[in-house]
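In our numbering, the protein residues as written are 186 to 243.
Accompanying notes for the structure given below.
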Amino acid sequence: MVMNEKIKEEIQKRIKDNRLPCAVARKIAENLSVSYKEVGNAANELKVKITGCELGCF
């Protein structure tokens with residue numbers, strides 16, 4: 186499976202009301218050993234909003 190598809194799969198498992206908390210997005214990136222930017226890009230492609238961002242990662 187292409188990594189971008191794996192990232193999207195992980196995002197889709199965790200979204201609620203088309204939103205993904207920043208802490209969860211960071212955890213996805215860390216678990217998959219990818220950059221925050223890659224997770225952010227995948228979320229954008231899925232039209233998922235990352236919420237509660239405190240560090241400005243996304």
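Cβ coordinates follow ideal geometry from the N, Cα and C atoms, glycine included.
Query: Per DSSP, which one or two residues make a beta bridge with Leu205?; Result: Ile235
Query: Hey, would you say Leu217 sits closer than 8 Å to Ile200, going by beta carbons?; Result: no
Query: Does the Cβ of Gly225 have 16 or more other Cβ atoms within 10 Å, making it buried, or fewer, making it exposed?; Result: buried
Query: Consult DSSP for Val219 and reduce its assignment to one of helix, strand or coil.; Result: coil
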